[in-house]
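A.B. asks: The UniProt record's numbering numbers the first residue of the sequence shown as 1 and each following residue consecutively. First the structure, then my questions, so here it is.
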Amino acid sequence: AETILEEVVPLDSVDPKFITNFRILPYIYVSSKKEITLKQLQRLVRLIKPTSEGRPPVRYTLESSNLLSLSRSTLIGKELCSGLGASMVRRGGIKWKEVALVWIEKLVLPGLSWRDSSCNAMCLYGTSWIDRKLVSMRLPVNSVILWLSLEEHQAAAEEFFENTGPLYRIDISYTHSALKQSTVDAMIDKFVPVDGGSFRVTEHTNFTRELHQTRLNKEQLERLIRKCEMSDKKVEIKVWPEGFTKSSKLTDFFDFDKYYSKKTVEERRITASREGAKLVLRVRRYDDALIWKWDRSDRPGSFASLVT
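Dropping the structure here:
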């Protein structure tokens, strides 16, 4: 167990009524840690429900999110995309250790706030057979960071997006091949803009030709931008529009005049504002990708990422 001061103490030394959240993390094998089976892990995480279930957070933060982060291709990554109840998930190649099931059943009380020290987290780093198992368990997560270099991982992730709930952060940096258009549509549908949230699909693939990259068509891009604009939230989008090249103009793929009463066009960026809106939109290019960022009007030129 870990105290609010981040001190590690024996689990059986803690009164269960004071355990409000948990994190499952990979640790290097030491005698003080014990293994749990996947079945025990599944039973544990199914007892945990996000504290914000049914309503979006005021602001997205990495520390308080229910995160599924898969940065390599392994067996457990596939299983994770298919359903398991956890809060924050990353992959790792470290050995698991055991706790008694009676303790697992007691770690279910929600925390009062979302912080790194109080969020329910499962972090899996690196490559192991267990990754692929966990991707298939359909985790009730609200943010995902995916690395899908294997075909079976990508298929599991595509099914995950069809069946998951609201997502406040979507970040895909590598895929086996271009995502299906229906998957992109599902991702846009499931994405809920909140302050600090982001939608990034700028992945590299196992292939080098543009045909195999995931590109958003004009209709998808407009739908995503309109959703973010109308939310009045400080959110960031980073995508590769269909047909966009280094010689393309920023105005070639979106009709700014349709939604914005004012816009300033510079060589590599655009600033636009909508009458009555609290925020302004700033767009700039990054290689073959476009970054769209909504922020306060008194912060000109700020393109620092809202989420790292």
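Here a beta-carbon is modelled for each residue, glycine too, at the ideal position from N, C-alpha and C. Remember, it's a predicted structure, so these values are computed and weren't measured experimentally.
State yes or no: is the C-beta of V201 within less than 9 angstroms of the C-beta of K238?
C.D. replies: Position 201 of the sequence shown holds residue 201. Position 238 of the sequence shown holds residue 238. Against a cut-off of 9 angstroms, the Cβ pair of K238 and V201 comes out as a contact.
A.B. asks: For V184, name the three-state secondary structure that DSSP assigns.
C.D. replies: As a working mapping, residue 184 is identified with position 184 in the sequence shown. Three-state DSSP puts V184 in a helix.
A.B. asks: By DSSP's criteria, I270 is part of a beta bridge. Which residues make up the other side?
C.D. replies: In the sequence shown, the residue the question calls residue 270 occupies position 270. Answer is V265 and V283, bridged to I270.
A.B. asks: Can you give me the start and stop residues for the beta strand (DSSP E) that residue 338 sits inside?
C.D. replies: Beyond the ends of the chain as shown, which are 1 and 308, falls residue 338; an answer cannot be given.
A.B. asks: Does the segment 215 to 222 come close enough to the segment 249 to 261 that 3 or more CB-CB pairs lie under 8 angstroms?
C.D. replies: yes
A.B. asks: Which same chain residues, not among the five before or five after S261, have their C-beta less than 8 angstroms away from its C-beta?
C.D. replies: Counting from 1 along the sequence shown, the entry for residue 261 is found at position 261. These residues qualify, in order along the chain: S273, R274 and E275.
A.B. asks: Tell me, to the nearest whole angstrom, how far the beta carbon of K234 is from that of D195; I am working on the premise that it is less than 8 angstroms.
C.D. replies: The sequence position of residue 234 within the sequence shown is 234, counting from 1. The sequence position of residue 195 within the sequence shown is 195, counting from 1. About 5 angstroms separates the two Cβ atoms, so the contact holds.
A.B. asks: With a threshold of 16 other CB atoms inside 10 Å of the CB of R282, please say whether the residue is buried or exposed.
C.D. replies: Position 282 of the sequence shown, counting from 1, holds the residue named residue 282. Flag for R282 reads buried.
A.B. asks: Specify the secondary structure class of R169 as computed by DSSP and reduced to three states.
C.D. replies: Here residue 169 corresponds to residue number 169 of the sequence shown, with the count starting at 1. R169 falls in the strand class under three-state DSSP.
A.B. asks: Pull the bridge partners of V201 from the DSSP assignment, please.
C.D. replies: In the sequence shown, the residue the question calls residue 201 occupies position 201. According to DSSP, which records beta bridges pairwise, V201 is partnered with I172 and V239.
A.B. asks: Considering only residues of the same chain and omitting the five flanking positions on each side of S297, which have a CB-CB separation below 6 angstroms?
C.D. replies: For the purposes of this step, residue 297 is taken as the residue at position 297 of the sequence shown. V280.
A.B. asks: Return yes when the Cβ of L216 is within less than 9 angstroms of the Cβ of F191, no when it is not.
C.D. replies: Residue mapping note: residue 191 aligns to position 191 of the sequence shown, counting from 1. Residue mapping note: residue 216 aligns to position 216 of the sequence shown, counting from 1. Result no, Cβ atoms of F191 and L216 do not sit closer than 9 angstroms.
A.B. asks: DSSP puts F191 in a beta bridge; with which residues?
C.D. replies: Walking along the sequence shown from the start, residue 191 turns up at place 191. According to DSSP, which records beta bridges pairwise, F191 is partnered with L167.
A.B. asks: Quick one: grab the DSSP three-state call for S143.
C.D. replies: By 1-based counting over the sequence shown, the position of residue 143 is 143. Strand.
A.B. asks: I'd like to know whether the C-beta atoms of L179 and T214 end up nearer to each other than 9 angstroms.
C.D. replies: Within the sequence shown, numbered from 1, the residue matching residue 179 stands at position 179. Within the sequence shown, numbered from 1, the residue matching residue 214 stands at position 214. Yes, the pair counts as a contact, with Cβ atoms nearer than the cut-off.
A.B. asks: In the DSSP assignment, what residue or residues form a beta bridge with L216?
C.D. replies: Here the question's residue 216 lines up with position 216 in the sequence shown. In DSSP, L216 forms a bridge with P241.
A.B. asks: Would you decide whether K258 is buried or exposed? Buried here means 16 or more other CB atoms lie within 10 Å of its CB.
C.D. replies: The sequence position of residue 258 within the sequence shown is 258, counting from 1. Per the 10 Å Cβ criterion, exposed.
A.B. asks: Please classify Q154: is it buried, with 16 or more other beta-carbons within 10 angstroms of its beta-carbon, or exposed?
C.D. replies: Within the sequence shown, numbered from 1, the residue matching residue 154 stands at position 154. That one is buried.
A.B. asks: In the structure shown, what three-state DSSP assignment does L148 receive?
C.D. replies: Numbered from 1 along the sequence shown, position 148 holds the residue referred to as residue 148. If DSSP states are grouped into helix, strand and coil, L148 belongs with the strands.
A.B. asks: What is the C-beta distance between I291 and E236, in whole angstroms, given that I count them as a contact (C-beta under 8 angstroms)?
C.D. replies: Position 291 of the sequence shown holds residue 291. Position 236 of the sequence shown holds residue 236. About 7 angstroms separates the two Cβ atoms, so the contact holds.
A.B. asks: Quick one, which of G243, K39, T175 and R284 has its alpha-carbon nearest L148's?
C.D. replies: Position 148 of the sequence shown, counted from the first residue, corresponds to residue 148. Comparing Cα-Cα distances from L148 to each of G243, K39, T175 and R284, the minimum goes to T175.
A.B. asks: Out of T183, I145 and A156, which one is the CA nearest neighbour of G197?
C.D. replies: Against the sequence shown, residue 197 aligns to sequence position 197. Answer by Cα proximity: I145.
A.B. asks: Out of D295, R285 and K263, which has the shortest C-alpha to C-alpha gap to K278?
C.D. replies: Residue mapping note: residue 278 aligns to position 278 of the sequence shown, counting from 1. Out of D295, R285 and K263, D295 has the C-alpha closest to the C-alpha of K278.
A.B. asks: Along the alpha helix (DSSP H) that carries D257, what are the first and last residues, could you check?
C.D. replies: Counting from 1 along the sequence shown, the entry for residue 257 is found at position 257. It spans F256 to Y259 - the alpha helix (DSSP H) in which D257 sits, taken as one unbroken run.
A.B. asks: So, using beta-carbon positions, are D288 and K246 closer together than 9 angstroms?
C.D. replies: Reading the sequence shown from its first residue, position 288 is the one you call residue 288. Reading the sequence shown from its first residue, position 246 is the one you call residue 246. Contact flag set, yes.
A.B. asks: Look at the Cβ atom of F199, then the Cβ atom of T183, and state whether they are nearer than 9 angstroms.
C.D. replies: On the sequence shown, residue 199 is found 199 positions in, with the first residue counted as 1. On the sequence shown, residue 183 is found 183 positions in, with the first residue counted as 1. In terms of Cβ geometry, F199 and T183 do not form a close pair [threshold 9 angstroms].
A.B. asks: Counting C-beta neighbours from all protein chains within 10 Å, is the total for S143 16 or more, i.e. buried, or is it exposed?
C.D. replies: The residue you call residue 143 lines up with position 143 of the sequence shown. By the neighbour-count rule (16 or more Cβ atoms within 10 Å), S143 is buried.
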